[in-house]
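Engineer: If you want our numbering, it's the 1-based position in the sequence shown plus 77. Glycine is no exception: its CB is placed at the ideal position from the N, C-alpha and C atoms. Bear in mind the structure is a predicted one, so any value in this text is a computation, not a measurement. Got a structure for you, questions after.
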Amino acid sequence: MALGHKEQEVMDFLHSRVFDSVLHSPRASKELKSGVRLTIVRMEQRDARKMVQYFWSAIKGTERSIGFAERMRREGFRRFEEALEEFRTKFDDRFLRRP
78 MALGHKEQEV
88 MDFLHSRVFD
98 SVLHSPRASK
108 ELKSGVRLTI
118 VRMEQRDARK
128 MVQYFWSAIK
138 GTERSIGFAE
148 RMRREGFRRF
158 EEALEEFRTK
168 FDDRFLRRP
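In structure tokens form, the structure reads like this:
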């Protein structure tokens, strides 16, 4: 299923700020790469509003997301937390309301 314009914008942002550094790194663990791929699949199943909610849920922290974020930090990769300020201003309510 092809992503809409807004969904693609969210995913492009996250790929450039978080996902791609893990996926293209020879030093990232297989588990970390697998977790990033699973996150991508889960996010791509959502519309833009739900993608933004998913991001904020990961920041807020579930047992799984807290452990995953810690693993990313330990392995030396940027996490959602490092993209927070830019994400907050780029993908605000105004973004979600636009056609």
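Report the three-state DSSP secondary structure of residue 169 (helix, strand or coil).
Structural biologist: In the sequence shown, residue 169 corresponds to position 92, counting from 1. Residue 169: coil per DSSP, three-state reduction.
Engineer: Pull up the distance between the alpha-carbon of residue 137 and that of residue 80, whole angstroms please.
Structural biologist: On the sequence shown, residue 137 is found 60 positions in, with the first residue counted as 1. On the sequence shown, residue 80 is found 3 positions in, with the first residue counted as 1. Looking at the two C-alpha atoms, the distance is approximately 25 Å.
Engineer: When the Cβ atoms of the stretch 149–167 are set against those of the stretch 129–136, are three or more pairs found closer than 8 Å?
Structural biologist: Contact holds: three or more Cβ-Cβ distances are below 8 Å.
Engineer: Classify residue 144 as helix, strand or coil using the three-state DSSP reduction.
Structural biologist: Taking the sequence shown and counting its residues from 1, the one referred to as residue 144 is at position 67. Correct three-state label for residue 144: helix.
Engineer: Based on Cα-Cα distance, which residue from 120, 132, 122, 145 lies nearest to residue 107?
Structural biologist: Here the question's residue 107 lines up with position 30 in the sequence shown. Ranking 120, 132, 122, 145 by Cα distance to residue 107 puts 145 first.
Engineer: Would residue 83 pass as a contact of residue 171 if the rule is Cβ separation under 9 Å?
Structural biologist: Working through the sequence shown from its first residue, we reach residue 83 at position 6. Working through the sequence shown from its first residue, we reach residue 171 at position 94. No, these two residues do not count as a Cβ contact at 9 Å.
Engineer: Would you tell me roughly how many angstroms separate the C-alpha atoms of residue 87 and residue 97, rounded to the nearest one?
Structural biologist: Locating residue 87 in the sequence shown gives position 10, where the first residue counts as 1. Locating residue 97 in the sequence shown gives position 20, where the first residue counts as 1. Roughly 14 Å between the two C-alpha positions.
Engineer: Distance check for residue 157 and residue 95, CA to CA, integer angstroms please.
Structural biologist: Along the sequence shown, read from residue 1 onward, the residue named residue 95 stands at position 18. Along the sequence shown, read from residue 1 onward, the residue named residue 157 stands at position 80. Their backbone Cα atoms lie some 7 Å apart in a straight line.
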